[in-house]
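A short write-up of the structure that comes next.
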Amino acid sequence: MESRVGASGNIGTEYVARAAPDGYTVLYQTSGLAIMPALFRKLPYDPLAGFAPVTMPADINVILRVRNSLPVADLSSFLQYLKDHPGKLSYGSGGRGNITHLAVEVLLRQLGSSAVHVPYKGTAPAMVDLLGGQIDFMLDAINTAYPYVKDGRVRALAVTGGNRSPLLPQLPTVAEAGVPGYAMSTWQCMLVPAGTPASIVQALNAAVNKAVADPDLQKQFAAVGVQLQSSTPAQLEARLRADIPNWIKVAQAAGVQPE
Numbered sequence: 001m002e003s004r005v006g007a008s009g010n011i012g013t014e015y016v017a018r019a020a021p022d023g024y025t026v027l028y029q030t031s032g033l034a035i036m037p038a039l040f041r042k043l044p045y046d047p048l049a050g051f052a053p054v055t056m057p058a059d060i061n062v063i064l065r066v067r068n069s070l071p072v073a074d075l076s077s078f079l080q081y082l083k084d085h086p087g088k089l090s091y092g093s094g095g096r097g098n099i100t101h102l103a104v105e106v107l108l109r110q111l112g113s114s115a116v117h118v119p120y121k122g123t124a125p126a127m128v129d130l131l132g133g134q135i136d137f138m139l140d141a142i143n144t145a146y147p148y149v150k151d152g153r154v155r156a157l158a159v160t161g162g163n164r165s166p167l168l169p170q171l172p173t174v175a176e177a178g179v180p181g182y183a184m185s186t187w188q189c190m191l192v193p194a195g196t197p198a199s200i201v202q203a204l205n206a207a208v209n210k211a212v213a214d215p216d217l218q219k220q221f222a223a224v225g226v227q228l229q230s231s232t233p234a235q236l237e238a239r240l241r242a243d244i245p246n247w248i249k250v251a252q253a254a255g256v257q258p259e
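The sequence shown begins at 1 in the numbering used here and counts up by one.
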């Protein structure tokens, strides 16, 4: 395994797009791949035409958390507070155009409210400021947010995915608590260079699906809030085709200008 980081993941993604389509170079990416066209005018790869989709092996719920001193008791009162105080609350994100930024903008748009966005270089420094009360709320993946929620250092109000999390089953979804249709989670995916033979794609898909179906492995990942799942290449392609134009619209509505 080789980690090629930098440029919001574009360096590693371009490397795989240009690799030989022989099945020996596989891209492991996140749902951020679908956001890239909204952030960059000219990508060095095409997220659809440049790859053959393999599978989406994991889905990760996201937690909405607030500073402990914010005067709200639950998600319903928080949503009402947002409506009653447009532009007064601040929220942190892992960076401009990050899903933890755009997912909040979707929520604010559905509520007809606004809040001040404070972008950070990753969600870890945003978490530090949430703990210190410098920002009011933020979204973060459950696998990284859970320890802070468990020990009571911040207050979790809801999960943003389509279903409750087995890790925190007492938390409602945002949709349950009064924002119908709202569902935001992060997912992980595997792709290979375009032109990879279908037989190789299917073999990779079968191998990954077999691995994620292992009960012991599922239990280990579930303990940190990650849901392993089987999927097909067609399902990943459909997800990308649906998410890419959607995130472009969200980014434009949020005033995010592509670089």
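Beta carbons: idealized from backbone N, C-alpha and C, even for Gly.
Could you check what DSSP says for residue i in three-state terms: helix, strand or coil?
i: leucine 43; result: coil
i: alanine 52; result: strand
i: histidine 85; result: coil
i: glycine 94; result: coil
i: glutamine 29; result: strand
i: isoleucine 60; result: strand
i: methionine 36; result: helix
i: aspartate 22; result: coil
i: glutamine 227; result: strand
i: arginine 67; result: coil
i: alanine 103; result: helix
i: aspartate 129; result: helix
i: glutamine 80; result: helix
i: leucine 167; result: coil
i: glutamine 110; result: helix
i: valine 149; result: helix
Assuming residue i contacts residue j under a Cβ cut-off of 8 Å, what Cβ separation, rounded to an integer in Å, is found between them?
i: valine 54; j: proline 193; result: 11 Å between Cβ atoms; not a contact.
i: valine 267; j: leucine 139; result: With the chain represented from 1 up to 259, any question about residue 267 goes unanswered, as that position is not in the structure.
i: serine 90; j: valine 116; result: 4 Å
i: methionine 56; j: glutamine 257; result: Their Cβ separation, rounded to whole angstroms, is 29 Å, which puts methionine 56 and glutamine 257 out of contact at 8 Å.
i: methionine 190; j: leucine 27; result: 7 Å
i: serine 185; j: isoleucine 60; result: 6 Å
i: serine 230; j: alanine 213; result: 6 Å
i: alanine 253; j: arginine 109; result: 6 Å
i: asparagine 68; j: valine 154; result: 6 Å
Drop a sphere of 10 angstroms on the beta-carbon of residue i, count the other beta-carbons inside from all chains shown, and report buried for 16 or more, exposed for fewer.
i: histidine 101; result: buried
i: tyrosine 279; result: Outside the displayed range of the chain (1 to 259) lies residue 279, so it cannot be described from this structure.
i: proline 147; result: exposed
i: proline 180; result: exposed
i: aspartate 136; result: buried
i: valine 208; result: buried
i: asparagine 98; result: buried
i: alanine 29; result: Looking at the sequence provided, one finds glutamine at residue 29 rather than alanine. It counts as buried.
i: valine 128; result: exposed
i: asparagine 205; result: buried
i: isoleucine 11; result: exposed
i: proline 37; result: buried
i: alanine 126; result: buried
i: glycine 132; result: exposed
i: glutamine 134; result: exposed
Determine the extent of the alpha helix (DSSP H) in which residue i is found, giving its start and end residues.
i: arginine 241; result: 233 to 253
i: leucine 217; result: 215 to 222
i: alanine 141; result: Premise fails: alanine 141 lies in the beta strand (DSSP E), 137 to 141, not in any alpha helix (DSSP H).
i: valine 16; result: 10 to 17
Can you give me the start and stop residues for the beta strand (DSSP E) that residue i sits inside?
i: alanine 198; result: Per DSSP, alanine 198 belongs to no beta strand (DSSP E); it is in the alpha helix (DSSP H), 198 to 212.
i: arginine 155; result: 155 to 159
i: methionine 190; result: 186 to 193
i: proline 119; result: 116 to 119
Taking one C-beta from the region 43 to 53 and one from the region 213 to 225 each time, how about it: are there three or more such pairs within less than 8 Å? Flag = no, the region 43 to 53 and the region 213 to 225 do not touch.
Contact between the region 239 to 255 and the region 155 to 169 is defined here as three or more beta-carbon pairs at a separation below 8 Å; is this criterion met? Judged by Cβ distances under 8 Å, the region 239 to 255 makes no contact with the region 155 to 169, as fewer than three pairs qualify.
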